Amino acid sequence: MFFQVGKLTGLIAIALYPIVPPIRYVGYGIRSVPADLIETSRQIGCTAWQRLIHVELPVAKSGLCSA
């Protein structure tokens, strides 16, 4: 509705369409990290950024939190 149908809007759609599933899967993986790992990282003094990079993303990537 904002743009007319053409090459530019087609390229934008082609670029944005495949981005959504990986974002959803990463979000699901991070939400599924066990609470005891998050609590342990808080107790040893990790910041939110350190917790994300060193705890949540590796656990989500490895599949240890699969339901």
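As numbered in my numbering, residues 1 to 67 make up the sequence shown, in order.
Note that beta-carbon positions come from the ideal geometry of N, C-alpha and C, so glycine has one too.
On a predicted model such as this, the values are computed, not experimentally measured, just so you know.
- Annotation for Ser41: the continuous alpha helix (DSSP H) segment containing it runs Ala35 to Gln43.
- Cα atoms of Gly45 and Val33: separation of roughly 18 Å, rounded to the nearest angstrom.
- Collapsing the DSSP output to three states places Ser32 in coil.
- Taking 7 Å as the cut-off, the beta carbon of Ala60 is found closer than this to the beta carbon of Ile30.
- By the Cβ neighbour-count rule, Val55 is buried, with 16 or more other Cβ atoms within 10 Å of its own.
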